[in-house]
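Residue numbers (my numbering): 95 to 545.
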């Protein structure tokens with residue numbers, strides 16, 4: 095038989111919906127056979143609600159049931175610090191691989207069992223595996239500044255022939271990287287397949303004869319790659335039977351932590367899909383931005399689209415876990431003081447076309463402000479008046495926005511004038527006090543007006 099790879103990635107907050115992650119486990123169990131290698135390409139320990147309270151160790155319920163062969167590290171696997179991740183590595187059954195990251199001059203995680211590469215016997219064949227991580231991780235994940243990165247494409251190019259020298263019949267790369275780097279790995283390094291994570295845009299293709307798969311986020315899809323033929327099959331785990339042990343273990347964790355408390359009700363479901371999150375005005379984005387402004391009294395609330403996680407819609411009885419999963423990061427809400435000129439710049443940067451490295455999406459959700467498309471640009475209005483370049487305004491934001499230049503680079507730590515509670519605590523408190531009524535009321539121009 096030809097070796098197959100079952101590829102999952104970016105499970106993230108799927109753990110917060112036990113039935114969902116249990117179905118991923120169920121599908122992998124159904125497809126498992128002597129000719130199959132199970133591989134994860136990062137962000138499979140978090141972020142999420144259970145990840146917050148368990149420092150990512152809730153993933154062991156899944157890993158123990160699935161018994162994967164190999165796993166690489168994603169940027170969010172560092173959310174709870176180096177020690178927490180190394181503890182998960184030591185406690186999980188799979189071999190972890192990461193070849194392009196060092197800490198204090200040593201390969202990250204070497205003492206815990208992380209290797210740069212590995213080989214796996216699969217039904218008479220040998221599959222070599224190398225793992226690499228996006229060098230922009232320190233810009234995205236607080237607490238990772240001490241990590242040093244080698245170029246992921248060059249790293250795979252170095253290791254692929256060495257794995258073949260070790261007897262690998264096939265070589266695959268687990269690439270928790272940008273799309274550009276994943277495609278370059280596929281076209282330049284001689285691997286037989288690239289199993290990519292990081293971006294939540296689910297797709298599969300062939301790059302210069304090399305299959306490249308990216309399953310997207312939250313366990314919606316699993317890819318199966320035939321390493322002889324290059325054929326790729328897309329599986330939808332939510333159609334599989336759930337693994338009962340995984341589901342019960344995670345439900346027990348949720349109940350033990352009090353995360354199943356109902357705090358509000360929603361009659362019309364609030365979508366959490368990618369298209370709405372990054373496509374313009376969005377009810378859930380409005381709700382979160384409203385919560386920040388309610389808590390802080392700032393003139394404006396601003397939530398970055400990338401800071402809200404995808405998942406099932408908020409519908410009916412909404413629990414603490416549901417709300418924390420919207421933005422499950424241990425980041426305070428910060429209040430920034432900006433000039434009118436800076437606020438206008440921030441609004442312009444909400445359009446991804448104006449920020450280097452972002453795509454044609456809308457990245458900002460606002461409260462207390464209306465954005466109008468005028469004269470080929472954007473004009474923000476606060477309290478009904480156009481923002482005066484010479485005035486000052488306060489903006490409540492996730493603290494992450496102030497420490498990264500990937501989104502809203504105008505805002506920096508120097509703008510901070512106060513810090514409040516953690517952002518998910520603010521959202522939960524707001525829902526308890528005010529409910530979840532988040533209409534669309536014309537805060538952001540529609541896509542046609544932005545052209």
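Note that CB positions come from ideal geometry on N, CA and C, so glycine has one too.
Asked                                                                                                                                                                   : Found
Output the distance between the C-alpha atoms of residue 231 and residue 137, rounded to the nearest integer angstrom.                                                  : 12 Å
If you measure between the beta carbons of residue 146 and residue 422, is that distance less than 8 Å?                                                                 : yes
Going along the chain, which residues of its own chain have a beta-carbon closer than 7 Å to the beta-carbon of residue 375, five neighbours each way excluded?         : 534, 537, 538
Assign residue 469 to one of two classes, buried (16 or more other C-beta atoms within 10 Å of its C-beta) or exposed (fewer than that).                                : exposed
If I measure Cβ to Cβ from residue 357 and keep anything under 8 Å in the same chain, skipping five residues before and after, which residues do I get?                 : 412, 413, 414, 417, 522, 525, 526
Which same chain residues end up closer than 6 Å to residue 120 when comparing Cβ atoms and leaving out the 5 residues on each side of it in sequence?                  : 334, 335, 336, 337
Smallest Cα separation from residue 216: which of 284, 322, 280?                                                                                                        : 322
With H, G and I counted as helix, E and B as strand and the rest as coil, what does DSSP make of residue 163?                                                           : coil
Could you check how far apart the C-beta atoms of residue 309 and residue 316 are, in whole angstroms? I think they sit under 8 Å.                                      : 6 Å
Measuring straight from C-alpha to C-alpha, what distance separates residue 167 and residue 247?                                                                        : 16 Å
Hey, which unbroken runs of the beta strand (DSSP E) at 3 residues or more fall wholly within the stretch 198-273?                                                      : 211-216, 219-227, 241-243, 264-271
Leaving out the 5 sequence neighbours to the left and right, which residues in its chain are closer than 7 Å to residue 419 when beta-carbon positions are compared?    : 107, 110, 142, 143, 403, 405
Cα-Cα, which of 438, 493, 487 is closest to residue 466?                                                                                                                : 438
Restricting to Cα atoms, I'd like to know which of 229, 361, 369 is closest to residue 410.                                                                             : 361
Could you tell me which whole beta strand (DSSP E) segments of length 3 or greater appear in the stretch 385-420?                                                       : 394-398, 408-413
Let me know the secondary structure DSSP gives residue 143 once reduced to three states.                                                                                : helix
Is the separation between the beta-carbon of residue 516 and that of residue 425 shorter than 8 Å?                                                                      : yes
Can you tell me which of the three DSSP states residue 189 falls into?                                                                                                  : strand
Please report the straight-line C-alpha distance between residue 283 and residue 300, rounded to a whole angstrom.                                                      : 14 Å
For residue 172 and residue 235, which I take to be in contact (beta-carbon distance under 8 Å), what is that distance rounded to the nearest angstrom?                 : 5 Å
Sorted by chain position, which residues of the same chain lie with C-beta nearer than 6 Å to residue 311's C-beta, five sequence neighbours on each side aside?        : 104, 106, 294, 404
Assess contact between the stretch 251-259 and the stretch 501-511, defined as three or more Cβ pairs (one per stretch) separated by less than 8 Å. Is contact present? : no
Less than 6 Å between C-beta atoms, sequence neighbours within five positions excluded: which residues of the same chain meet that for residue 174?                     : 149, 150
Bridge partners for residue 178 per DSSP, in chain order?                                                                                                               : Its beta-bridge partners do not exist; DSSP assigns none.
Using the C-alpha atoms, what's the distance from residue 179 back to residue 187?                                                                                      : 14 Å
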